[in-house]
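To keep things clear, I will list the structure first and then write my remarks on it.
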Amino acid sequence: MQNVSCFSRASLGKRVSQTVEEVDNIIEQGKFTEALVINDPSTIGVAFQLMEHLEGETMVKSDIWNYLMSDEIGMIGVCGMGGIGKTTIMKHIYNQLSKEIKPLFDVIIWVTVSKELNITKLQQDIANGMNIGALPEVEPKRVSVLMEELRRRKYVLILDDVWEKFSLAEVGIPKPTSSNGSKLVLTSRSIDVCRSMDCKIVKVHPLSNEESMNLFLVHTGHGVLKVPSLEQILGDIVRECNGLPLAIAVIAGSMKGIYDIAEWRNAVRELRDHVRSVKGTNDEIYRRLKFSFDRLGDFNIQNYYIIPRMELIEYWIDEGFLEIGSRQQSYDRGDTILNRLVNNCLLEKTIGGVKMHDVMRDTALYIKRLGPRFMVKAGVGLKELPSTQEWKEDFERVSFMMNKVSDIPPSLSPNCENLLILLLQNNKSLGRISESFFQNMHSLSILDLSYTNIQQLPNSVSNLEKLNALVLRGCEMLRYLPSLEKLKALRKLDLHDTSIEKVPEGLEMLVNLTYLDLATKSLKELPIAILPQLSCLQCLILYVESYTVKMDGLEAAGLRKLEIFEGRFSELLNFNTYCKSIKGQRLASYLLVVAPAEAKFDKEVILSGCHIQREDPVVLPTDLRVLRISKCHNVRSLNDISLLFLQTNELRLCSVEDCKGWNLSFEKLEYLWLKRLDNLRMLVKIETSVSIPKSLPLPGIFSPLKSILIKGCSNIKQLFPFELAHNLQNLEKLVVCECWQMEEIIGPKKEEERSEGKGKKARTEFSLPKLKKLVLKNLPMLKSLCSSSGTMICKSPMEIQVLECRNLKRMPLYPSLSKTQTNQLLSLSE
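Just so we're aligned: 76 in full-length UniProt numbering is position 76 of the sequence shown, and the numbers increase by one with no gaps anywhere.
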């Protein structure tokens, strides 16, 4: 791998030199000086994040690579037991294929198939890998389109975790041959699957003892070798892992940071007990991994395997696992638990959540067979729920989420008095639930019917007196709920995006409610005197664009435990009343509106159409992060908002729109959006004495800014004076659009203005080291980024978009060359 990396770096250096030469040619051909245009439509996929070294599998990886390079072999089957390393090997190969300087294939596609084969999903996943969008809904057409798209390309298709044979033709995959040069790679636990699909077999074998020890030390750190007498114990543990890379990684992760010899001896004893306790080769990996689950200690950590991060934490809160005080403390505790699972290699971190290795999921199911019963048939295409006989009395958790169930008939009445959790969300066709369904589920604690097509809940829900969470989010057809009066244990009620027109009957009786989401367009009013009864509320979310659901300032102020709040006040008096009540508090997030809302941020205030004056100032939360102001025509500056604004030192984004006569300066902002400010002629004016603005020292102006959007400010001619350009060291994104009088982005130096026409000017440079994106659109008067003697130095890889800037002649811009992109090739002339 090191040799390959060195070769890649050498090739990359050569390519950079060639690219620089190409850029010079473009500049010469386009006849515009000091400008840069590069067009690099890269289509390479995102690489997997892996350890650089692949322990013990070099020979297997080499065999697979050679078969991929061979003209004689089109289909390769990588087989071996779960946890042996098949997926990891193929991820390394995928990365190596993606990094080739001269691509060997037109497209490299990775699809995880998993146990329940879904042909439609497989087809769309392959299409997504080619960026061709949604396939036709009709099966023959879908197959035809996919087949044609793959035939047009020399492809490598990697299908990970295949459990059963399928027909390539029925999916729409043309068979790889020596003539088309394409390749198909399967990974599977079954050698029979690979053979039945006519693959060249590559077996992945367990690691040797030496390889196992090396991998173990990679995950624990070599510091454990310093513990006296530990070498023999380490050998015993590694041998118990039986050469399985996943078991080694997980068990080593569970022992990381432990240096007590007694704890290591105990770990060996526990691991051996787990291995001896279950017989049968099918359980070989599971009984070893169960050791790592048990070492987590907290049983609550071991018993949940749902993947979306925030959804998982919310379920923990709903079930009472995380009752430790405030909601934010519960979120923090949940994050800590998830991080622990990730650090112990039991979960893998992904963007916005976590995912579980298929073997780890099987291990979880294996463990659950030893304890309380549960039934999981999620995302398997069910069109109806199992019969009453299949529901066992000792079931505690049941999940049928993400299926195609359309009806729950009266004949289905499970006797599940111990059932705690029932998950039916994302059955988008589910339109009816019979009265009898919930009659024998009196212990039910969590009921999730979100994103279904139900129009009403059966009245039997009114008798689920132990219910902690009722989640109906996204049930857009739901209009009727039975009385909730008896559900006094209820802590969470989520009616987001339903069609209810009035609050549920008995809402005022839910005195233990901590989470209430009524953000729905159809709700006509929030009756007075309900909220004061819900004093335990930590989270309250209302539809902020509603003209009828308005908050009373005193009622909102009475919710002293509120941490997350979104609501609309009818007038500034109510808004100020509430903001005064929370002075000194720090809510986790809020969105407060005194007008229709336009966007959603975590700590935001929107003021629209308000008559704001200094004599009657607006009171703002002291930890405000986002301020949006629109159509407040009498306001001239931020000083008109209130003196308290000066104490709002966490403000990160300010958006000003449609405010006549508005003239602003900012000191601590990271994001600045200015739209349709007709009277705005400059952001800051630098006088000879450099005293503008008087309240701010010059070096601080704009220095925190990361993103600037200026749109529709028709009279501004210059964005920044040159003297402030050096303050923009943190600027990452600059967008200027539809400013009809804009002539230049950065103005000239004062000396340059005074020496205009007096001979050759000295070249001046300024740096924007973090600038990554520059967008200039519809600027008909724009002539240059900066003055004729100025040069803008950009050190980050950049994306540049220039559209409809007909008078633009100069782009004295020198960014990093290796990854620069532009969306349009320009020909500019002096």
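Here a beta-carbon is modelled for each residue, glycine too, at the ideal position from N, C-alpha and C. Here the structure is a predicted model, which means the values were calculated and not measured.
Would a C-beta distance cut-off of 8 angstroms place SER767 and ILE745 closer than the cut-off? Here the question's residue 767 lines up with position 767 in the sequence shown. Here the question's residue 745 lines up with position 745 in the sequence shown. Not in contact: SER767 and ILE745 (Cβ atoms no closer than 8 angstroms).
Which whole runs of the beta strand (DSSP E) in the segment 695–733 are 3 residues long or more, in chain order? The DSSP assignment places 707–711 and 718–720 as complete runs of the beta strand (DSSP E) inside the segment 695–733, in order along the chain (cut-off: 3 residues).
Tell me the residue span of the alpha helix (DSSP H) that contains ALA249. Locating residue 249 in the sequence shown gives position 249, where the first residue counts as 1. Per DSSP, ALA249 belongs to the alpha helix (DSSP H) from 245–255.
In angstroms with no decimal places, state the Cα-to-Cα distance between VAL775 and ARG333. Taking the sequence shown and counting its residues from 1, the one referred to as residue 775 is at position 775. Taking the sequence shown and counting its residues from 1, the one referred to as residue 333 is at position 333. One alpha carbon belongs to VAL775, the other to ARG333, and they sit about 42 angstroms apart.
Can you tell me which of the three DSSP states TYR515 falls into? Indexing the sequence shown from 1 puts residue 515 at position 515. It is a strand residue.
Whose CA, out of GLN729, TRP740, VAL202 and ASN727, lies closest to the CA of LYS711? Position 711 of the sequence shown, counting from 1, holds the residue named residue 711. Of GLN729, TRP740, VAL202 and ASN727, the residue nearest in Cα terms is TRP740.
Between the C-alpha atoms of ASN730 and PRO780, what's the straight-line distance to the nearest angstrom? For the purposes of this step, residue 730 is taken as the residue at position 730 of the sequence shown. For the purposes of this step, residue 780 is taken as the residue at position 780 of the sequence shown. ASN730 and PRO780: Cα-Cα distance of roughly 28 angstroms.
Less than 7 angstroms between C-beta atoms, sequence neighbours within five positions excluded: which residues of the same chain meet that for LYS428? As a position in the sequence shown, residue 428 is number 428, starting the count at 1. TYR451, THR452 and ASN453, listed in sequence order.
Less than 8 angstroms between the beta carbons of LYS561 and CYS536, yes or no? Walking along the sequence shown from the start, residue 561 turns up at place 561. Walking along the sequence shown from the start, residue 536 turns up at place 536. Result yes, Cβ atoms of LYS561 and CYS536 sit closer than 8 angstroms.
Spatial neighbours of ARG681 within its chain, please: C-beta separation below 8 angstroms, excluding the five flanking residues on both sides. Here the question's residue 681 lines up with position 681 in the sequence shown. These residues qualify, in order along the chain: ASN715, ILE716 and LYS717.
I'd like the span of the alpha helix (DSSP H) that includes PHE395, first residue to last. The residue you call residue 395 lines up with position 395 of the sequence shown. From DSSP, PHE395 is part of no alpha helix (DSSP H) but of the beta strand (DSSP E) over 395–399.
Compute the distance between the beta-carbons of LEU808 and LYS783, then report whether it is under 8 angstroms. Position 808 of the sequence shown, counted from the start, is the residue given in the question as residue 808. Position 783 of the sequence shown, counted from the start, is the residue given in the question as residue 783. Cβ atoms of LEU808 and LYS783: closer than 8 angstroms.
Between the C-alpha atoms of GLU210 and ASP448, what's the straight-line distance to the nearest angstrom? For the purposes of this step, residue 210 is identified with residue 210 of the sequence shown, where counting begins at 1. For the purposes of this step, residue 448 is identified with residue 448 of the sequence shown, where counting begins at 1. Their Cα atoms are separated by approximately 49 angstroms.
Around the Cβ of residue 832, are there at least 16 other Cβ atoms within 10 angstroms (buried) or fewer (exposed)? Coverage of the chain is limited to positions 1 through 830, which leaves residue 832 absent and any answer about it impossible.
In terms of residue numbering, what span does the beta strand (DSSP E) encompassing THR187 cover? For the purposes of this step, residue 187 is taken as the residue at position 187 of the sequence shown. That run of the beta strand (DSSP E) goes 183–188.
With a CB to CB cut of under 8 angstroms and the five nearest residues on each side skipped, what residues in its chain are close to VAL268? As a working mapping, residue 268 is identified with position 268 in the sequence shown. Within the same chain, VAL268 has close Cβ partners ILE233, ASP236, ILE237 and GLU240.
Identify whether VAL60 lies in helix, strand or coil by the three-state DSSP scheme. Taking the sequence shown and counting its residues from 1, one reaches residue 60 at position 60. Three-state DSSP puts VAL60 in a helix.
Helix, strand or coil: how does DSSP classify ALA469 here? Residue 469 sits at position 469 when you count from the first residue of the sequence shown. In this structure, DSSP gives ALA469 an extended state, which the three-state scheme calls strand.
Are the beta-carbon atoms belonging to VAL618 and ILE606 less than 8 angstroms from one another? Translated into positions along the sequence shown, residue 618 becomes position 618. Translated into positions along the sequence shown, residue 606 becomes position 606. No, these two residues do not count as a Cβ contact at 8 angstroms.
Where the alpha helix (DSSP H) through GLU311 begins and ends: Walking along the sequence shown from the start, residue 311 turns up at place 311. GLU311 -> alpha helix (DSSP H) spans 309–319.
My understanding is that PRO422 touches MET401, with C-beta atoms under 8 angstroms, so please give their C-beta distance in whole angstroms. To locate residue 422, count along the sequence shown from 1; it is residue 422. To locate residue 401, count along the sequence shown from 1; it is residue 401. For the sequence presented, residue 422 should be read as Leu rather than Pro. That belief does not hold up - the Cβ atoms of LEU422 and MET401 are roughly 10 angstroms apart, past 8 angstroms.
Going by DSSP in three states, ARG432 sits in which element: helix, strand or coil? Residue numbering aside, residue 432 sits at position 432 when the sequence shown is read from its first letter. Three-state DSSP puts ARG432 in a strand.
Report the CB separation of ILE64 from ILE89 in whole angstroms; it is logged as a contact under 8 angstroms. Residue numbering aside, residue 64 sits at position 64 when the sequence shown is read from its first letter. Residue numbering aside, residue 89 sits at position 89 when the sequence shown is read from its first letter. Confirmed, Cβ separation roughly 7 angstroms.
Which residue from GLU164, VAL162 and ARG153 puts its Cα closest to that of LYS175? As a working note, residue 175 is residue 175 in the sequence shown. With distances taken between Cα atoms, LYS175 lies closest to ARG153.
CB of VAL162 within 8 angstroms of CB of THR187, strictly: Position 162 of the sequence shown, counted from the first residue, corresponds to residue 162. Position 187 of the sequence shown, counted from the first residue, corresponds to residue 187. In this structure, THR187 lies closer than 8 angstroms to VAL162 by Cβ.
GLY567 lies in the beta strand (DSSP E); which residues open and close that run? Here residue 567 refers to the residue found at position 567 of the sequence shown. DSSP places GLY567 in the uninterrupted beta strand (DSSP E) bounded by 564–568.
Does the ligand MG have a heavy atom nearer than 7 angstroms to the CB of SER460? Here there are no bound small molecules, and the ligand MG is not part of this structure.
By the three-class DSSP mapping on this structure, what secondary structure does LEU422 have? The count along the sequence shown starts at 1 and reaches residue 422 at position 422. In the structure shown, LEU422 sits in a strand (DSSP, three-state: E or B).
Rounded straight-line distance, which links the Cα of ARG586 to that of GLU670: On the sequence shown, residue 670 is found 670 positions in, with the first residue counted as 1. On the sequence shown, residue 586 is found 586 positions in, with the first residue counted as 1. Between GLU670 and ARG586, the C-alpha separation is close to 21 angstroms.
Using CA atoms only, rank isn't needed, just tell me which of GLU396, ASN180 and GLN124 is closest to SER144. As a working mapping, residue 144 is identified with position 144 in the sequence shown. The option with the nearest alpha carbon to SER144 is GLN124.
Within 10 Å of its beta-carbon, does GLY83 have 16 or more other beta-carbons around it, so buried, or fewer, so exposed? To locate residue 83, count along the sequence shown from 1; it is residue 83. With 16 or more other Cβ atoms within 10 Å, it is buried.
For LEU322, which residues in the same chain have their Cβ closer than 6 angstroms to its Cβ, ignoring the five residues on either side in sequence? Reading the sequence shown from its first residue, position 322 is the one you call residue 322. Residues of the same chain with a CB within less than 6 angstroms of the CB of LEU322, apart from the 5 flanking positions on each side, are TRP316, SER330, ARG333 and GLY334 in chain order.
Below 8 angstroms CB to CB, which residues in the same chain sit around GLU485 once its five sequence neighbours on both sides are set aside? Position 485 of the sequence shown, counted from the start, is the residue given in the question as residue 485. Its chain contains SER462, GLU505, GLY506 and MET509 as the residues whose beta carbon lies nearer than 8 angstroms to that of GLU485, once the 5 sequence neighbours on both sides are disregarded; these appear in chain order.
Looking at the unbroken alpha helix (DSSP H) that takes in TYR671, where does it start and where does it end? Along the sequence shown, one-based indexing puts residue 671 at 671. Run containing TYR671: none in the alpha helix (DSSP H); it sits in the beta strand (DSSP E), 671–675.
Would ILE538 be called buried (16 or more neighbouring beta carbons within 10 Å of its own) or exposed? Numbered from its first residue, the sequence shown carries residue 538 at position 538. Inspection of the sequence shows that residue 538 is occupied by Gln rather than by Ile. When all chains shown are included, GLN538 counts as buried.
Same chain, Cβ closer than 7 angstroms to GLN328, neighbours up to 5 away in sequence not counted: Against the sequence shown, residue 328 aligns to sequence position 328. Cβ within range, chain order: GLU563 and ALA588.
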